[in-house]
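All residue numbers for the sequence shown refer to the numbering used here, where the first residue is 20 and numbers rise by one.
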Amino acid sequence: MTLIHVSWTNYTQTKLPVLFCPTCKCKRRMLARFQDWYGWSSTCLSCGDGWEGGEMRERPARPRWRQESIAHAKAAWLTYKTEKARGRDLNAGCYKLGGTVAPAPWILEA
Ligand SMILES: [Zn+2]
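As structure tokens, this is what we get:
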């Protein structure tokens with residue numbers, strides 16, 4: 020069964036800490052993001068496994084999902100850093116774009 024998680028709650032914190040990965044069994048760089056009501060979600064940038072609120076995210080039954088998960092996490096981090104460098108705080112959820120309020124990019128993804 021495929022579980023689709025649809026959430027309009029914005030991330031309020033985005034970090035790239037080094038945390039212990041139970042799958043890799045050592046400390047790894049992870050994308051960690053916090054959502055109100057849902058808590059922290061993290062993705063290991065080495066193995067692609069993810070955790071939501073302390074529980075391991077379901078692994079997709081398709082080939083190359085680890086590479087896709089790692090690429091998605093890296094892209095999310097690069098988007099966050101790029102927009103932050105431009106003066107836009109993606110953690111604020113919405114930001115001014117040409118005078119109008121646009122949704123944060125990750126809402127348009129997936
Ligand atoms: Zn890992």
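A virtual CB, placed ideally from N, CA and C, is assigned to each residue, including glycine. Since the structure is predicted, the reported quantities are computational estimates derived from the model, not experimental observations.
{"Asked": "Tell me whether Leu133 is buried or exposed, calling it buried when 16 or more other Cβ atoms sit within 10 Å of its Cβ.", "Found": "The structure shown does not extend to residue 133, since the chain spans only 20 to 129, so no value can be given for it."}
{"Asked": "Which of the three DSSP states, helix, strand or coil, is assigned to Thr31?", "Found": "strand"}
{"Asked": "Report the residue from Leu38, Lys44, Ala92 and Asp55 whose alpha carbon sits nearest the alpha carbon of Gln32.", "Found": "Asp55"}
{"Asked": "Kindly indicate which residue of Arg47, Ser61 and Cys40 has the alpha-carbon position closest to the one of Tyr30.", "Found": "Ser61"}
{"Asked": "Give the range of the alpha helix (DSSP H) segment to which Ser88 is assigned.", "Found": "Trp84 to Ala104"}
{"Asked": "Is Arg105 close to ligand 1? I mean its beta-carbon at under 8 Å from any heavy atom of the ligand.", "Found": "no"}
{"Asked": "Could you tell me whether any non-hydrogen atom of ligand 1 is closer than 8 Å to the CB of Ser65?", "Found": "yes"}
{"Asked": "Pick out whichever of Ala104, Ala94, Glu74 and Lys100 has its Cα sitting closest to the Cα of Pro41.", "Found": "Glu74"}
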